[in-house]
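Chains as they are written, first to last, in full-length UniProt numbering: chain A, 1 to 143; chain B, 1 to 143; chain C, 1 to 143; chain D, 1 to 143. I have placed the structure first, in the form of structure tokens, so that the comments after it can refer back to it.
4 protein chains.
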Amino acid sequence: MSGINKVILVGHLGKDPEVRHLEGGVTVASFPLATSETFNKDGRRVEQTEWHNIVLWRGLAEVASKYLQKGKLVYIEGKLRTRSFEDKERVKKYVTEVVAENFTMLGRKSDFEPTPANGILPPNNKIEDDFSTSIDESGDLPF
Amino acid sequence: MSGINKVILVGHLGKDPEVRHLEGGVTVASFPLATSETFNKDGRRVEQTEWHNIVLWRGLAEVASKYLQKGKLVYIEGKLRTRSFEDKERVKKYVTEVVAENFTMLGRKSDFEPTPANGILPPNNKIEDDFSTSIDESGDLPF
Amino acid sequence: MSGINKVILVGHLGKDPEVRHLEGGVTVASFPLATSETFNKDGRRVEQTEWHNIVLWRGLAEVASKYLQKGKLVYIEGKLRTRSFEDKERVKKYVTEVVAENFTMLGRKSDFEPTPANGILPPNNKIEDDFSTSIDESGDLPF
Amino acid sequence: MSGINKVILVGHLGKDPEVRHLEGGVTVASFPLATSETFNKDGRRVEQTEWHNIVLWRGLAEVASKYLQKGKLVYIEGKLRTRSFEDKERVKKYVTEVVAENFTMLGRKSDFEPTPANGILPPNNKIEDDFSTSIDESGDLPF
DNA sequence: TTTT
DNA sequence: TTTT
Numbered sequence: 001m002s003g004i005n006k007v008i009l010v011g012h013l014g015k016d017p018e019v020r021h022l023e024g025g026v027t028v029a030s031f032p033l034a035t036s037e038t039f040n041k042d043g044r045r046v047e048q049t050e051w052h053n054i055v056l057w058r059g060l061a062e063v064a065s066k067y068l069q070k071g072k073l074v075y076i077e078g079k080l081r082t083r084s085f086e087d088k089e090r091v092k093k094y095v096t097e098v099v100a101e102n103f104t105m106l107g108r109k110s111d112f113e114p115t116p117a118n119g120i121l122p123p124n125n126k127i128e129d130d131f132s133t134s135i136d137e138s139g140d141l142p143f
Numbered sequence: 001m002s003g004i005n006k007v008i009l010v011g012h013l014g015k016d017p018e019v020r021h022l023e024g025g026v027t028v029a030s031f032p033l034a035t036s037e038t039f040n041k042d043g044r045r046v047e048q049t050e051w052h053n054i055v056l057w058r059g060l061a062e063v064a065s066k067y068l069q070k071g072k073l074v075y076i077e078g079k080l081r082t083r084s085f086e087d088k089e090r091v092k093k094y095v096t097e098v099v100a101e102n103f104t105m106l107g108r109k110s111d112f113e114p115t116p117a118n119g120i121l122p123p124n125n126k127i128e129d130d131f132s133t134s135i136d137e138s139g140d141l142p143f
Numbered sequence: 001m002s003g004i005n006k007v008i009l010v011g012h013l014g015k016d017p018e019v020r021h022l023e024g025g026v027t028v029a030s031f032p033l034a035t036s037e038t039f040n041k042d043g044r045r046v047e048q049t050e051w052h053n054i055v056l057w058r059g060l061a062e063v064a065s066k067y068l069q070k071g072k073l074v075y076i077e078g079k080l081r082t083r084s085f086e087d088k089e090r091v092k093k094y095v096t097e098v099v100a101e102n103f104t105m106l107g108r109k110s111d112f113e114p115t116p117a118n119g120i121l122p123p124n125n126k127i128e129d130d131f132s133t134s135i136d137e138s139g140d141l142p143f
Numbered sequence: 001m002s003g004i005n006k007v008i009l010v011g012h013l014g015k016d017p018e019v020r021h022l023e024g025g026v027t028v029a030s031f032p033l034a035t036s037e038t039f040n041k042d043g044r045r046v047e048q049t050e051w052h053n054i055v056l057w058r059g060l061a062e063v064a065s066k067y068l069q070k071g072k073l074v075y076i077e078g079k080l081r082t083r084s085f086e087d088k089e090r091v092k093k094y095v096t097e098v099v100a101e102n103f104t105m106l107g108r109k110s111d112f113e114p115t116p117a118n119g120i121l122p123p124n125n126k127i128e129d130d131f132s133t134s135i136d137e138s139g140d141l142p143f
């Protein structure tokens, strides 16, 4: 039977998205996202930051690379996925990532002006992973 | 600024909860939870299962140990936390867990009869981590 | 700036889905969903049930009409929408509905055998509103 | 069996919170919250705003009245509740509200300086409804 | 490595 | 009635 695997995050990007193009033309983007929690401990104010590995595929990766930058505040919805890989010493390791399914840019509008390299404004702050859009060929944004 | 770090899961327990009592009387429970997703790949039906490490503290751990068992269907709400530890070869490793904040038992009512060893019915299927209840001293359930 | 409007429900259908075909061939389905909460009040166990108006469009409506029936347990994700209408005395009224964006059937697998009138099994328990699928013409299911 | 009834919103307050003190000393606050969605329709950019009735109880109401104001951006988690009431012509009407269970202030820190009438800063942006705190007597904030 |  |  199917289950539910849902993650909802609001936080700040720790770095600019890192974009890779896999063989076959598939685009993947990833970045670290910080979600901070502040609480009182013995009268002192303590901040605890949790870091999340965000991964985006296809059209969602393209859009993220255009509009998200280090420091920006973003709402992300996705699912958890733990995968194994071999590090450079060939030791098997595990990492848990949040595979984004859609995101919404929060914060001031001016925070989301496209970088000089690209000049197209998204008509919608909410961007969905449509699992099919190919931006590479048309050059259009996936919405 | 504070952010949001929320996980919502519906899945089946892979094992009975494992309960530990830390020094100081704090109770911790943990179990693996499977969330399955079924999809079509080239006409064939493929099932993909994701495993999550669920951790529960204090009163929530106590209740989980009484009412949750291997195979049961449960709704879990919590937050992501990645922590490091040293394995037996003293290699630093990372693991991402879902720290439960509340859970709700799903499925047939008969699925949630308490085990013979304990005979107290929870008045509510939704159990919250109140971050304070001490069950150890009173022997009462935290609700 | 865009915001977030998200509803997550797990509950039982109060009635079979009611399906309507609008002019233009668009399909809409709707049903009441009950989410129950049980809690202790002065030592007595009290159950409180909340009823939600669920609305599904297009392909999602088609699938719901085939696989969801009165009494079934379902996970629904959607958004809130309040709309006004005139009752039969032409008094303006408001109703808040949950417009479903996807749903997942929970409970026993046997609970989701298709009704005799239709014999197609969905390859995936999670069904998404793709906002475009036209089932009317092809006769195919939207996945 | 228990279900899940959860709402997640990110939006702007349409008005300052309106606070009432019920007989028995219980505090209730309420305000309208706007969640906007922007999308493309036939090449034109269309914005659709949904208005939600937010209701907060007890300590959560007290905190909301201190820190939330018209125009502020806020994350709200709660549950749906539809209740009936009689309007001034004694006609029975229904209204669906979002009963907040916790909220987190988003946006710039300077946006959340307390109003002149009160001068206490919350040590945590996330405020929970603890269903018990009485601020009236102690004068302290509920955390 | 973010933000306040 | 918010915001961009």
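For glycine and all other residues, C-beta sits at the position ideal for the given N, C-alpha and C.
Residues Asn-53, Val-55, Arg-81 of the same chain have their beta carbon placed closer than 6 Å to that of Glu-97/C, with the five preceding and five following residues left out of the count.
Here Gly-71/C is exposed, its C-beta having fewer than 16 other C-beta atoms within 10 Å. Beta-bridge partners of Pro-32/D (DSSP): Asn-53/D. Contact of Tyr-75/A with chain D by beta-carbon distance below 7 Å involves Val-10. Pro-17/A is the residue among Pro-17/A, Glu-37/A, Trp-57/A, Thr-38/A whose C-alpha sits nearest the C-alpha of Phe-31/A.
Straight across, the Cα-Cα distance linking Val-19/D with Lys-6/C is about 26 Å. DSSP places Glu-89/B in the coil class of the three-state scheme, outside both helix and strand. Taken atom to atom, the span from the alpha-carbon of Ser-36/A to that of Thr-104/D is near 11 Å.
Excluding the 5 residues flanking it on each side, Glu-47/C has same chain C-beta neighbours closer than 6 Å at Ser-36, Thr-38, in chain order. For Ile-4/A, the chain C residues whose Cβ falls inside 8 Å of its Cβ are Tyr-75, Thr-104, in order along the chain. Check the Cα spacing between Val-95/B and each of Glu-101/B, Ile-8/B, Phe-85/B: the tightest is with Phe-85/B.
Ranked by Cα distance from Glu-62/D, the first of Ala-100/D, Ile-8/D, Gly-3/D is Ala-100/D. For the set Leu-68/C, Gly-107/C, Glu-89/C, the Cα lying nearest the Cα of Ile-127/C is the one of Leu-68/C.
For Leu-9/B, the pairing in a beta bridge is given by DSSP as Asn-5/A, Ile-76/B.
The beta carbon of Ala-64/C lies closer than 6 Å to those of Pro-17, Ala-29, Leu-56 in the same chain, with the five residues before and after it left out. With contacts defined by Cβ atoms closer than 8 Å, Gly-3/A and Val-91/B do not form a contacting pair.
Following the DSSP letters along the chain, one finds Glu-62/D inside the alpha helix (DSSP H) bounded by residues 58-67.
If you draw a straight line from the Cα of Gly-59/C to the Cα of Thr-27/A, it comes to about 29 Å.
When the five nearest sequence neighbours on each side are left out, the beta carbons in the same chain lying within less than 7 Å of the beta carbon of Arg-45/B are those of Thr-38, in order along the chain. An exposed status is given to Lys-93/B, since fewer than 16 other beta-carbon atoms sit within 10 Å of its beta-carbon. Of Asp-87/A, Val-74/A, Arg-83/A, Lys-88/A, the smallest CA-CA separation from Gly-107/A is found for Val-74/A.
Not a single CB atom of chain B sits nearer than 8 Å to the CB of Trp-57/A. Counting only the Cα atoms, Ile-8/A lies some 13 Å from Glu-77/C. CA-CA distance, Gly-43/D to Gly-14/D, rounds to 29 Å. DSSP links Lys-41/D through a beta bridge to Arg-44/D.
Taking a beta-carbon distance threshold of 8 Å, Arg-83/A does not count as an interface residue toward chain B.
Sequence-distant Cβ neighbours of Leu-22/A in its own chain, meaning closer than 7 Å and more than five residues away, are Val-28. For His-21/D, not one C-beta of chain C is nearer than 8 Å to its own C-beta. Checking the DSSP bridge columns, you'll see Glu-128/A partnered with Asn-102/A. CA-CA distance, Lys-41/B to Glu-89/C, rounds to 53 Å. Taking the CA atoms as reference points, Glu-50/C sits about 20 Å from Trp-51/D. Non-local beta-carbon contacts of Lys-79/B in its own chain, meaning distances under 8 Å to residues more than five positions away in sequence, involve Asn-5, Lys-6, Val-7, Val-98, Val-99, Glu-101 in chain order. For Val-19/B, the uninterrupted beta strand (DSSP E) segment begins and ends at 18-21.
In this structure, the straight-line span from the alpha carbon of Arg-83/A to that of His-12/A is close to 24 Å. Listed along the chain, the chain C residues whose CB falls inside 9 Å of the CB of Val-7/D are Asn-5, Lys-6, Val-7, Ile-8, Leu-80.
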